[in-house]
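Heads up: the structure comes next, in structure tokens.
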């Protein structure tokens with residue numbers, strides 16, 4: 396598994412840094428965001444280091460499907476499925492990405508506004 400020792404999400408995935416883990420399998424983990432923007436704010440993270448959405452390679456075929464299946468499960472487990480929720484992927488500096496390790500935000504538990512940001 397590709398890791399970057401300077402990346403906070405790689406360090407969380409390898410358990411060098413503590414986080415409240417709410418889901419984990421061989422390839423994916425989900426943690427509670429330390430700065431939540433909604434009553435439910437989870438980060439769904441591949442354990443392998445992929446800096447941005449643009450960096451997903453052919454070898455990660457199916458990764459986004461897997462991430463969204465985990466999100467769907469977490470949303471159901473947290474009672475968000477019926478009323479709805481938001482999934483956000485920030486990509487690059489203009490897209491608001493601050494941690495350069497691909498991750499998806501699952502936000503719910505309140506009404507979301509449009510436009511975001």
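Numbering (the numbering used here), first residue to last: 396 to 512.
A virtual CB, placed ideally from N, CA and C, is assigned to each residue, including glycine.
Of the residues the options, the one placed nearest residue i, counting alpha carbons only
i           : options               : result
residue 416 : 493, 489 and 425      : 425
residue 473 : 418, 411 and 399      : 418
residue 431 : 445, 475, 463 and 501 : 501
residue 480 : 451, 433, 450 and 447 : 433
residue 504 : 429, 453, 437 and 423 : 437
residue 400 : 442, 429 and 485      : 442
Residues bridged to residue i (per DSSP)
i           : result
residue 503 : 435 and 480
residue 440 : 424
C-beta contact flag for residue i and residue j at 9 angstroms
i           : j           : result
residue 499 : residue 435 : no
residue 447 : residue 402 : no
Under the three-state DSSP convention, the category residue i falls into
i           : result
residue 378 : Lying outside 396 to 512, the shown extent of the chain, residue 378 is not represented and no answer is given.
residue 412 : coil
residue 494 : coil
residue 466 : helix
**Asked** Within the chosen definition, does the region 399-407 reach the region 457-473 through at least 3 CB pairs nearer than 8 angstroms?
**Response** no
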